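Read through the structure below, which is laid out as structure tokens, and then see the notes.
Number of protein chains: 2
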Amino acid sequence: TVVDTPGYGDAIDNTDSFRAIIQYIDEQFERFLRDESGLNRRNKVDNRIHCCFYFISPLGHGLKPLDIEFMKQLHNKVNIVPVIAKADVLVKKEVLRLKKKVMEEIEKHEIKIYPLPDCDSDEDEDYKDQLRQLKESVPFAVCGSNTTLEVRGRKVRGRLYPWGVVEVENPEHCDFIKLRTMLITHMQDLQEVTHEVHYENYRSERLAKGAPVPKRTTSLPDHEKGDDKDRILQEKEAELRKMKEALAKMQAQMQHKN
Amino acid sequence: TVVDTPGYGDAIDNTDSFRAIIQYIDEQFERFLRDESGLNRRNKVDNRIHCCFYFISPLGHGLKPLDIEFMKQLHNKVNIVPVIAKADVLVKKEVLRLKKKVMEEIEKHEIKIYPLPDCDSDEDEDYKDQLRQLKESVPFAVCGSNTTLEVRGRKVRGRLYPWGVVEVENPEHCDFIKLRTMLITHMQDLQEVTHEVHYENYRSERLAKGAPVPKRTTSLPDHEKGDDKDRILQEKEAELRKMKEALAKMQAQMQHKN
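Right, here's the structure in full:
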């Protein structure tokens, strides 16, 4: 599922603009907590937000005060993956400069973005290399398109400018492929971090101050109890399929929201 | 002279963001009023703001609430020329759609932008055609660059992307040339409107409520008293030269503010 927040930050006074987003995230946590604490916990639906792409304007020179405030308010609730939007307005040097600036500011303001996992030393070299590349690319600089064009005989998803065609899935043009790889490869980790870090944060705060919620007997989600490997495999496949659909939808939305 | 306002609209709460701009414009009017009312009025310097390029984000889908509010607060003080910034992020269809949307919103919210003058029926056809083209192009969609590149043997001011070169001075790529033509051709009209409409507004309000200011005996500015044609010509040439310098500077600043 993709949840979009069009119009975020467009107001004159954006002081309250993240409230709706925080509320939405908390509602999903709350629902999960209720389901998990109820009788029929086998069939609970997981609508928690596992990943938040935070789109940074390519036109600024780093993070704006609103970006910093948003990330600080949300980094303990959700996995934030910073993304530079519509990066086809930046020449290569500008992309690199903006990425560097954004990372410096994230560090300076002690913002916790989603940490890509470290790789075990026994992983194969290709995987290590991929992970290194992904880590170096953050914040991913992407552009999107919902039209396919023909470029030198190939069908590509792209944007046709008078001076050339931007190919969304060309790694020379933008980081779209990297972002997709990250999302698919680390989907499970994103879910685990959500469950073990963000949800646990929510749960303990909630239990400390809120109304009593029936006791929880285990900390592992149902689908990881591993007595039925086939089922788990099927679930993962369904998840991947859903992710791909969501990505295609996201791709279409990114550029043409109206 | 070019006055830039970097960082405008970047704050979380932008409620007060035009105050500094309004104050600056009023200060220039005030100084002119003082000079004009003083003894040595021959040597007064005109630092009034004759034209305000209002840069609209190419990433939105029209005017933002801040844009509308800014223009409403300032349209009785200064000639507003709306411009779509960094328009090289938009494909042709998107440029046309955004221009249409912006003009519809300007009309709907009764915002008074600088009105390009109507042309007399006895003007030559080329001029009429140019004026028609300029009017159709508002808001001008521009992009800037401070680097020159070589494209098929020609030196051009442009931006080098992996998928092609955006040429700032190519009318197929953006409206920069049109914006420059507008500014140079209608510089005198911009000054006249400033003097006869915006400054008169300021002056009458100021006189109605403010401390008394010595009476003004004529409403024509000195340089239009026309007893010294050579001097006027020289002045106009100097003005044009200054405009061209300002334009080059603006061009450089537009894309690379840091």
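Chains A and B are the protein sequences, given in the same order. The first sequence: position 80 = 80 (the UniProt record's numbering), numbered continuously. The second sequence: position 112 = 112 (the UniProt record's numbering), numbered continuously. Note that the Cβ used here is the ideal one computed from N, Cα and C, for glycine as well. Owing to the predicted nature of the structure, the values given are computational and were not obtained by experimental measurement.
7 Å Cβ cutoff, residue i in contact with chain A
i	result
residue 54 of chain B	no
residue 109 of chain B	no
residue 82 of chain B	no
residue 138 of chain B	no
residue 166 of chain B	yes
residue 219 of chain B	For residue 219 of chain B, the pLDDT reaches just 46, beneath the cut-off of 50, and the residue's location in the model is therefore unreliable, leaving the point undetermined.
Residue i versus the options, residue with shortest Cα-Cα distance
i	options	result
residue 171 of chain B	A:172, A:174, A:162, A:169	A:162
residue 6 of chain B	A:139, A:111, A:61, A:110	A:61
residue 31 of chain A	A:199, A:208, A:209	A:199
residue 132 of chain B	B:115, B:145, B:147, B:58	B:115
residue 165 of chain B	B:143, B:180, B:183	B:143
residue 127 of chain A	A:186, A:37, A:100, A:112	A:186
residue 12 of chain A	B:53, B:247, B:69	B:69
residue 130 of chain B	B:182, B:205, B:208, B:153	B:182
residue 102 of chain B	B:125, B:59, B:35, B:9	B:59
residue 49 of chain A	A:105, A:195, A:204	A:195
residue 95 of chain B	B:201, B:206, B:173, B:117	B:173
residue 117 of chain B	B:100, B:110, B:104, B:135	B:135
residue 24 of chain B	B:197, B:238, B:4, B:207	B:4
residue 51 of chain B	B:237, B:188, B:230, B:123	B:188
residue 145 of chain B	B:247, B:22, B:34, B:26	B:247
residue 193 of chain B	B:26, B:77, B:234	B:77
CB of residue i within 7 Å of CB of residue j, strictly
i	j	result
residue 167 of chain A	residue 177 of chain A	no
residue 89 of chain B	residue 86 of chain A	yes
residue 73 of chain B	residue 29 of chain B	no
residue 55 of chain A	residue 81 of chain A	no
residue 79 of chain B	residue 190 of chain B	yes
residue 147 of chain B	residue 155 of chain B	no
residue 91 of chain B	residue 159 of chain A	yes
residue 179 of chain B	residue 140 of chain B	yes
residue 108 of chain A	residue 75 of chain A	no
residue 137 of chain B	residue 175 of chain B	yes
residue 242 of chain B	residue 2 of chain B	no
residue 66 of chain B	residue 153 of chain B	no
CB contact check: residue i to chain B, cutoff 7 Å
i	result
residue 74 of chain A	no
residue 89 of chain A	yes
residue 149 of chain A	no
residue 64 of chain A	yes
residue 86 of chain A	yes
residue 169 of chain A	no
residue 96 of chain A	no
residue 103 of chain A	no
Below 7 Å between beta carbons is the criterion; list the residues of the region 152-163 of chain B that meet it against any residue of chain A, in chain order. For the region 152-163 of chain B, which is checked against every Cβ of chain A, the residues closer than 7 Å are 159, 160, 161, 162, 163.
Under 7 Å (Cβ pairs) to chain A, residues found in the region 1-22 of chain B: Residues are counted here when their Cβ sits less than 7 Å from a Cβ of chain A; for the region 1-22 of chain B these are 10, 11, 12, 13, 14, 15, given in chain order.
Residues from the region 171-202 of chain B in contact with chain A, defined by Cβ distance under 9 Å: Against chain A - using a Cβ distance shorter than 9 Å - the residues of the region 171-202 of chain B are 172, 173.
If you scan the region 65-101 of chain A from start to end, which runs of the alpha helix (DSSP H) of 4 or more residues do you find wholly inside it? Listed in chain order, the alpha helix (DSSP H) runs fully inside the region 65-101 of chain A are 65-74, counting runs of at least 4 residues.
Which of the residues in the region 116-134 of chain B, read from start to end, lie with their CB under 7 Å from any CB of chain A? Listed in chain order, the positions of the region 116-134 of chain B with a beta carbon within less than 7 Å of a beta carbon of chain A would be empty, since no residue qualifies.
Considering only residues of the region 100-157 of chain B, which uninterrupted beta strand (DSSP E) runs meet the minimum length of 3 residues and lie entirely inside it, listed in chain order? For the region 100-157 of chain B, the continuous beta strand (DSSP E) assignments of 3+ residues that do not extend past its boundaries occur at 148-151, in sequence order.
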